[in-house]
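S.K.: Going by this note's numbering, the letters in the sequence shown line up with residues 2 to 440, in that order. Where is the CB? At the ideal position from N, CA and C, for every residue including glycine. Here it is: the structure, laid out below.
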Amino acid sequence: MSRQVVAIVGRPNVGKSTLFNKLAGEKISIVEDTPGVTRDRIYADVDWLNYNFTIIDTGGIEPSTDDKMLTYMRQQAEIAIETANVIVFVVDVKTGLTDSDYQVADMLRRAHKPVVLCVNKVDNREKFQYDVFEFYNLGLGEPYAISSIQATGLGDFLDEVVSHFDEEGGVAEESDIPRIAVIGKPNVGKSSLINKLLGEQRVIVSDIAGTTRDAVDTLVTFDGKEYVFVDTAGLRRKNKIEKEGLERYSIIRTVTAIEKADIVVLLIDAVEGVTEQDAKIAGIAHERGKGAVVAVNKWDAIEKDDKTMYKYLQDVDTTLSYMTYAPKIFISAKTGLRINRLFENLDMVIQNHALRVATGVLNDVLYDATAMNQPPSDKGKRLKLYYMTQVSVKPPTFVIFVNDKTLMHFSYKRYIENRVRDAFGFKGTPIHFIIRERK
Ligand code: GDP
Ligand code: GDP
C-alpha cells in the first residue's frame with residue numbers, strides 16, 4: 002500500500018505547528034534553499050505503532066488582514082482535499098467556534114474525505130469537558146480533545162486518524178497496474194503533458210471504479226498496457242492557487258503524488274535549464290525509493306546543434322547527481338515529441354523497480370567484486386563481506402552480511418552498488434543496501 006498522507010488544516014494560532022512538531026518528533030523535513038520557497042516545515046514522517054504516514058501542514062503564510070482569512074482557509078482546505086487521504090481539522094477550545102470554522106467544516110464535509118476533528122488546547126480535561134461538546138455543531142462527528150503542548154489525548158486521536166487509512170485503499174492500489182506521478186516545478190509542463198497524453202489517439206482513458214470519489218487518478222492504456230497516472234485531477238483543471246501559496250502547494254503536491262506512485266516522470270524545463278529546484282524535487286523521489294524517468298521538456302522551444310543534447314545530459318547528471326541511474330529523454334508536451342519513447346522508458350523502469358535477482362548470481366557478483374577491489378581495513382581489522390541477498394523490491398533492497406558494520410564505508414558501498422548495477426542494470430531505480438553484522 003502506498004504511504005498515507007494526513008493533511009492538517011485550521012485557522013492561524015489554533016496550534017497546527019505545535020501539533021505537527023509533536024507528531025513529527027525529530028523527523029521534520031525542512032525544504033530549504035530553494036529560491037522562493039517558504040522555509041518552514043511542510044511535511045514530515047510520522048511513525049505511530051505499526052503505521053507510517055506523512056503529515057503535511059497546509060497552513061502557509063498567514064493573511065495580514067481579516068478579509069483575506071476566508072481565501073486563505075479555503076485554499077488550505079482545497080489543498081488538503083486534493084492531496085490527503087485523511088484530513089485533520091484543528092480548532093481551538095479557548096477561542097471556541099468561529100465563523101471561518103463553520104465555513105471550512107462545510108467545505109470539508111462536501112469533499113467526502115475522512116475528516117478527524119481535533120480540539121486543541123484542552124490542557125485541563127475536566128475544566129473544558131463541556132466546551133468540547135460545542136464542536137459537535139460543526140457536523141464533523143466526534144471532536145477529539147487534545148493538548149498539543151502537553152501531548153495528551155494524542156493516542157485516541159491518532160487511532161481515529163489511522164482507522165480511516167483503509168477506506169482509500171481502492172482497487173487500483175491493490176492491483177498490479179504501475180502508478181506514475183508526473184512531477185516538476187511550476188510551469189515545467191506537467192499539465193500540458195497530462196493533457197497531451199489524454200488527447201493522444203493511441204491512449205485510452207478510463208475512470209477508475211472504486212478508488213476515490215473525485216477520480217484524482219487516471220487509468221491510461223498505451224499500446225495495450227495499463228498505467229495509472231496519479232493525482233491528475235488538479236493538473237487537468239489547473240488549480241487556481243494564489244501566488245503566495247503556490248510554492249508551498251507545489252511542494253505538497255509533489256510529496257503527495259510521489260507517495261502515491263511507484264515511478265515518477267521528473268520534468269525539466271529545457272528553456273530554463275537544470276536548476277537546484279529540480280534537484281530538490283528529484284531528491285524527494287530518490288529518498289522515497291521511487292523509480293524515475295527524467296524528461297527534459299519543451300525540447301521544441303530551444304535552439305539546438307549537435308552538442309545540445311549532450312550538454313543537457315551532463316547538466317542533469319551533475320545537478321541531479323544522486324539520480325544518475327535515471328534514463329533521460331527529450332520531449333515536448335506541446336508537440337507530442339517522443340511520447341512513445343516516454344512509455345518505453347516507463348516500461349523499462351517499472352520492470353527494474355520490481356526486479357528480483359537470484360541469490361546465487363548475486364553472490365557471484367559479490368565474490369568477484371571483493372576479489373577485484375579489496376575491502377577497506379581500519380586499525381588492522383579488515384572488512385569481510387560474507388553474503389548478500391535481495392530482501393524486497395520497489396525499490397530493490399539487498400542485505401549484505403559483514404563482520405563489522407563500522408568498516409563498511411560509503412565509498413565501498415557505492416563500489417558494490419556499481420558492480421551490482423554493472424551486472425544487472427537496474428536502470429531507472431534506486432537500490433538500497435542494508436548492512437548487517439554476522440559474527
Ligand atoms: P498555528 O498557527 O495553528 O500553527 O499555531 P501554533 O502551533 O503556532 O500555536 C499558536 C499558539 O498556541 C502558540 O502560542 C502555542 O504555544 C499555543 N498552543 C499550541 N498548542 C497548545 C496547547 O495544546 N495548549 C495551549 N495552552 N497552548 C497551545
Ligand atoms: P505546469 O505548471 O507544470 O503544469 O505547466 P503547464 O503545463 O501549465 O505549462 C506551463 C507553460 O509551458 C504553458 O504556457 C505551456 O503552454 C508551456 N509548455 C508546456 N510544455 C511545453 C512544451 O513542450 N513546449 C513549449 N514550447 N511550451 C510548453
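Any heavy atom of ligand 2 closer than 7 Å to the beta-carbon of Asn404?
M.R.: No, the beta carbon of Asn404 sits no closer than 7 Å to any heavy atom of ligand 2.
S.K.: Excluding the five sequence neighbours on either side, which residues of its own chain have a C-beta within less than 7 Å of the C-beta of Ile366, listed in chain order?
M.R.: For the record, residue 366 in the displayed sequence is Val; it is not Ile. The answer, listed in chain order, is Arg420, Val421, Ala424.
S.K.: For Ser412, count neighbouring Cβ atoms within 10 angstroms of its own Cβ and tell me buried if that reaches 16, exposed if not.
M.R.: Burial call: exposed.
S.K.: Where does Ser386 sit, in a helix, a strand or coil, going by DSSP?
M.R.: Before going on, a small fix: residue 386 reads as Leu here, not Ser. Reduced to three states, the DSSP call for Leu386 is strand.
S.K.: Skipping 5 residues on each side, what residues in its chain have a beta carbon closer than 6 Å to that of Val117?
M.R.: So the list reads Val89, Glu161, Val162, once near-sequence residues are dropped.
S.K.: Looking only at its chain, what residues have a beta carbon closer than 8 Å to the beta carbon of Ser3, apart from the 5 residues adjacent to it on each side?
M.R.: Hits under 8 Å: Glu174, Arg180, Glu260, Lys261, Ala262.
S.K.: Flag this pair as yes or no: are the beta carbons of Leu198 and Val217 separated by less than 8 Å?
M.R.: Taking 8 Å as the Cβ cut-off, Leu198 and Val217 do not qualify as a contacting pair.
S.K.: Which term fits Glu83, buried or exposed, when burial requires 16 or more other beta carbons within 10 angstroms of its beta carbon?
M.R.: Buried: at least 16 other Cβ atoms inside 10 Å.
S.K.: Expressed to the nearest angstrom, what Euclidean distance is found between the alpha-carbon atoms of Phe136 and Val105?
M.R.: Going by the C-alpha atoms only, they are around 13 Å apart.
S.K.: Could you say which of Thr19, Asp369, Trp49 lies nearest to Ser164 if we only look at CA atoms?
M.R.: Per the Cα distances, Trp49.
S.K.: Could you work out which residue in Asp132, Gly140, Gly429 is closest to Pro396 when comparing CA atoms only?
M.R.: Pro396 has its Cα closest to that of Gly429, out of Asp132, Gly140, Gly429.
S.K.: Assuming Asp132 and Val94 are in contact, meaning their beta carbons sit under 8 Å apart, how far apart are those beta carbons, in whole angstroms?
M.R.: Indeed they touch by this definition, with Cβ atoms about 5 Å apart.
S.K.: Using the three-state DSSP reduction, which class does Ile252 fall into: helix, strand or coil?
M.R.: Residue state, collapsed to three classes: helix.
S.K.: Taking C-alpha atoms, which residue in Leu384, Arg415, Asp100, Val272 lies nearest to Phe402?
M.R.: With distances taken between Cα atoms, Phe402 lies closest to Leu384.
S.K.: Is Ser65 near ligand 1, with its Cβ less than 7 Å from a heavy atom?
M.R.: For ligand 1, not one heavy atom lies less than 7 Å from the Cβ of Ser65.
S.K.: Looking at the structure shown, is Leu24 part of a helix, part of a strand, or coil, going by DSSP?
M.R.: Helix, per DSSP.
S.K.: Within the chosen definition, does the stretch 321-335 reach the stretch 286-306 through at least 3 CB pairs nearer than 8 Å?
M.R.: Flag = yes, the stretch 321-335 and the stretch 286-306 touch.
S.K.: Evaluate Ser393 with the Cβ neighbour count: other Cβ atoms within 10 Å of its Cβ, from every protein chain shown; 16 or more gives buried, anything less gives exposed.
M.R.: With fewer than 16 Cβ atoms within 10 Å of its Cβ, Ser393 is classed as exposed.
S.K.: Enumerate in chain order the residues of its own chain whose CB-to-CB distance from Asp369 is below 8 Å, with the five nearest sequence positions on each side excluded.
M.R.: Around Asp369: Arg420.
S.K.: Once the 5 residues before and after Thr371 are set aside, which same chain residues still bring their CB inside 6 Å of it?
M.R.: Closer than 6 Å at the Cβ level, and outside the excluded window around Thr371, lie Leu386.
S.K.: Go to Gln5, then tell me how far its beta strand (DSSP E) extends in each direction, as first and last residue.
M.R.: Run containing Gln5: 5-11, per the beta strand (DSSP E) assignment.
S.K.: Report all residues from its chain with a CB closer than 8 Å to the CB of Thr99; omit the five preceding and five following residues, and keep chain order.
M.R.: Excluding sequence neighbours, Thr99 sits near Arg12.
S.K.: Apart from the five residues on each side of it in sequence, which residues of its chain come closer than 6 Å, Cβ to Cβ, to Thr336?
M.R.: Excluding positions up to five away in sequence, the list reads Asp301.
S.K.: Where are the alpha helix (DSSP H) runs, 4 residues long or more, that stay fully inside the stretch 358-425, in chain order?
M.R.: Counting whole runs of 4 or more residues, the stretch 358-425 contains the alpha helix (DSSP H) stretches 360-373, 411-425.
S.K.: Round the Cβ separation of Ala258 and Asp232 to the nearest angstrom and send it over; I've been treating them as touching at under 8 Å.
M.R.: Right, their Cβ atoms sit about 4 Å apart.
S.K.: Is the separation between the beta-carbon of Leu314 and that of Ala280 shorter than 8 Å?
M.R.: Contact: no.
S.K.: Taking only the alpha-carbon atoms, compute the straight-line gap between Phe129 and Arg75 and give it to the nearest angstrom.
M.R.: Going from the Cα of Phe129 to the Cα of Arg75 covers about 28 Å.
S.K.: For ligand 1, is there any heavy atom lying closer than 7 Å to the beta carbon of Lys128?
M.R.: For ligand 1, not one heavy atom lies less than 7 Å from the Cβ of Lys128.
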